[in-house]
């Protein structure tokens with residue numbers, strides 16, 4: 068996998084049950100598609116360790132920010148790309164872009180902060196060494212990429228001037 072570009076870890080088709088009464092994919096499903104990419108990144112960083120091998124040493128998403136720029140419809144093919152923006156010993160800051168795959172149209176973005184989390188102790192922990200090393204290396208390689216336009220945004224009403 069080319070780590071010098073945003074990773075392509077998740078793709079699929081919009082499921083009929085993801086479509087709302089307005090005929091497009093429900094807003095929560097955009098987050099779900101991106102969340103599948105968060106999980107795919109976690110699997111990528113943990114390889115070859117499986118869920119069973121990890122013995123509860125997992126992650127918890129603690130913050131997300133979503134921007135909606137377009138629409139997906141039933142059976143639309145989609146692709147999610149993932150860029151790691153930063154890493155420390157307990158956190159990974161990542162950015163997903165969700166595309167309508169055939170048109171290569173950006174339809175949503177999802178910025179995510181996750182924490183290393185021990186499910187047995189129900190507490191934040193440090194990443195295990197292999198995950199930490201892989202995440203640090205990926206962040207270093209992807210640091211050459213530009214910061215995505217919608218990263219680090221906040222919701223606010225700006226005063227009219």
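Residue numbers (the working numbering): 68 to 228. We treat Cβ as the ideally placed atom computed from N, Cα and C, and that holds for glycine.
Which residues share a DSSP beta bridge with residue i?
i, result
"residue 153", "160"
"residue 144", "80"
"residue 134", "176"
"residue 184", "125, 191"
"residue 68", "Paired residues: none, contrary to the question."
"residue 108", "According to DSSP, which records beta bridges pairwise, residue 108 is partnered with nothing at all."
"residue 86", "92"
"residue 165", "147, 175"
Sort the options by Cα distance to residue i and report the nearest one.
i, options, result
"residue 167", "208, 74, 81", "81"
"residue 132", "106, 115, 160", "160"
"residue 123", "190, 202, 227, 212", "190"
"residue 199", "149, 165, 126", "126"
"residue 118", "186, 89, 164", "186"
"residue 213", "162, 95, 88", "162"
"residue 111", "74, 216, 94", "74"
"residue 72", "227, 207, 222, 221", "207"
"residue 25", "180, 215, 149, 143", "Beyond the ends of the chain as shown, which are 68 and 228, falls residue 25; an answer cannot be given."
Between the beta-carbon of residue i and the beta-carbon of residue j, is there less than 7 Å?
i, j, result
"residue 83", "residue 141", "yes"
"residue 182", "residue 147", "no"
"residue 70", "residue 205", "yes"
"residue 218", "residue 172", "no"
"residue 151", "residue 209", "yes"
"residue 97", "residue 175", "yes"
Helix, strand or coil: how does DSSP classify residue i here?
i, result
"residue 223", "coil"
"residue 75", "strand"
"residue 214", "coil"
Could you check whether the Cβ of residue i sits closer than 6 Å to any heavy atom belonging to the ligand ADP?
i, result
"residue 226", "This structure does not include the ligand ADP; it has no bound ligands of any sort."
Kindly confirm or deny that the region 191 to 201 and the region 135 to 145 touch, where touching means at least three C-beta pairs closer than 8 Å. By the Cβ criterion, the region 191 to 201 is not in contact with the region 135 to 145, since fewer than three pairs of Cβ atoms, one from each stretch, lie closer than 8 Å.
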